[in-house]
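Trainee: Starting off with a structure, shown below.
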Amino acid sequence: MIARVRRRWWRGCVPAAAALWVGALLGFGAALPGYVQSVHPVALLGAQGIPGAVAFNLFGFVLPGALCAVAAVALRLRLPLHTGWRQRIGAQLMFLSTLGFVAMGVFRLDPVRLEGTQTLLHATAWGLWWSTALASALLLAGGLRGDPAWRGLVRGGPPLAGLAVLFALVLPAVLPDGLSQRVAILAWLGWCGLAAVSGPDRPLTATLRG
């Protein structure tokens, strides 16, 4: 049992990322007077001039994104060495999506200068995050279709990634930014978690051996 858990250690990365993100959101949100979770954007807690912004960006973006990046690398290493191009590119795009999430914490939102460099870089990271997630989910689903070990990711990946994009881009027109962003990120974390638990039970070094 212990050996089996050790073989699947990467599966705990996404739940840990989700716990960090939710904890940071609730903790730092409660500490900021006037902050309403359902209304205000997530990135406002890490914006320039906000008390505790650096700490929030670390626990709310950088560390969760890094943990999901580990899951993305584990996904690639569990694919056969000579797998198809859709699987390879899909895994790489998932990794880029996690880096986009990390970058949202590195490039802080500047609420005073919405056209400033930091805000534009943050917006670029946001775009990288959702666009690569959707492309990755579609490519992985197409490339892994027919493989029973990846059935969960094939069936659930595109809907979760699509839900993330829907709430990130479309539904903010009719829903508060805070609510739509939170659902989008939760859907993305669900997709990352599905990628971590799907697939064959094989050592990560198996791909390196061919």
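Residue numbering for the sequence shown follows the numbering used here, starting at -9 and increasing by one per position.
Here a beta-carbon is modelled for each residue, glycine too, at the ideal position from N, C-alpha and C.
(1) Hey, which unbroken runs of the alpha helix (DSSP H) at 4 residues or more fall wholly within the region 43 to 80?
(2) Kindly indicate which three-state DSSP category Gly223 falls into: helix, strand or coil?
(3) Just verifying my parser: in three-state terms, what is the DSSP assignment at Leu198?
(4) Please report the distance separating the alpha-carbon of Leu86 from that of Leu22.
(5) Going by C-alpha distance, which of Pro138, Leu134, Ala139 is nearest Pro148?
(6) Please state whether DSSP places Ala37 in a helix, a strand or coil.
(7) Under the three-state reduction of DSSP, which class applies to Gly189: helix, strand or coil?
(8) Do you know how far the Cα of His30 is from the Cα of Ala168?
(9) Indicate the three-state DSSP secondary structure (helix, strand or coil) for Val(-5) in the structure shown.
(10) For Ser87, does the three-state DSSP call read helix, strand or coil?
(11) Inspect the beta-carbon positions of Ala131 and Val144 and report whether they are closer than 8 Å.
(12) Is His112 helix, strand or coil when you go by DSSP?
(13) Counting only beta-carbon separations shorter than 8 Å, does Val96 have a partner in chain B?
(14) Indicate whether Gly180 and Leu161 have their beta-carbon atoms separated by less than 8 Å.
(15) At a cut of 8 Å, does the region 2 to 17 reach the region 50 to 58 through at least three beta carbon pairs?
(16) Would Ala115 and Met94 be called neighbours here (beta carbons separated by less than 8 Å)?
(17) Among Gln38, Gly42, Cys3, Gly24, which one has its Cα closest to the Cα of Ala14?
Mentor: Taking the structure as given:
(1) 43 to 47, 53 to 68
(2) With the chain covering -9 to 200 only, the question about residue 223 has no answer from this structure.
(3) Mapped onto the sequence shown, residue 198 falls at position 208. Legend: pLDDT at Leu198 = 46, less than 50; position of this residue unreliable, no value from coordinates given.
(4) Residue numbering aside, residue 86 sits at position 96 when the sequence shown is read from its first letter. Residue numbering aside, residue 22 sits at position 32 when the sequence shown is read from its first letter. When rounded, the distance between both Cα atoms is 31 Å.
(5) To locate residue 148, count along the sequence shown from 1; it is residue 158. For the residues Pro138, Leu134, Ala139, the minimum Cα distance to Pro148 belongs to Leu134.
(6) Numbered from its first residue, the sequence shown carries residue 37 at position 47. Correct three-state label for Ala37: coil.
(7) What you label residue 189 is simply residue 199 of the sequence shown in a count that begins at 1. Note: Gly189 maps to coil in three-state DSSP.
(8) Position 178 of the sequence shown holds residue 168. Position 40 of the sequence shown holds residue 30. Contrary to the premise, residue 168 reads as Gly rather than Ala in this sequence. So the two alpha carbons sit approximately 5 Å from each other.
(9) By 1-based counting over the sequence shown, the position of residue -5 is 5. Confidence is the limiting factor: at Val(-5) the pLDDT is only 45, short of 50, which leaves the residue's position unreliable, though a coordinate-based value still follows. If DSSP states are grouped into helix, strand and coil, Val(-5) belongs with the helices.
(10) Numbered from 1 along the sequence shown, position 97 holds the residue referred to as residue 87. Here Ser87 sits in helix by DSSP.
(11) Residue mapping note: residue 131 aligns to position 141 of the sequence shown, counting from 1. Residue mapping note: residue 144 aligns to position 154 of the sequence shown, counting from 1. Yes, Cβ-Cβ distance for Ala131 and Val144 is below 8 Å.
(12) Numbered from its first residue, the sequence shown carries residue 112 at position 122. The answer is helix: DSSP assigns His112 an H, G or I state.
(13) Annotation note: the requested chain B is absent from the structure, which comprises a single protein chain.
(14) Working through the sequence shown from its first residue, we reach residue 180 at position 190. Working through the sequence shown from its first residue, we reach residue 161 at position 171. Result no, Cβ atoms of Gly180 and Leu161 do not sit closer than 8 Å.
(15) yes
(16) Position 125 of the sequence shown, counting from 1, holds the residue named residue 115. Position 104 of the sequence shown, counting from 1, holds the residue named residue 94. The answer is yes: Cβ separation under 8 Å.
(17) Taking the sequence shown and counting its residues from 1, one reaches residue 14 at position 24. Comparing Cα-Cα distances from Ala14 to each of Gln38, Gly42, Cys3, Gly24, the minimum goes to Gly42.
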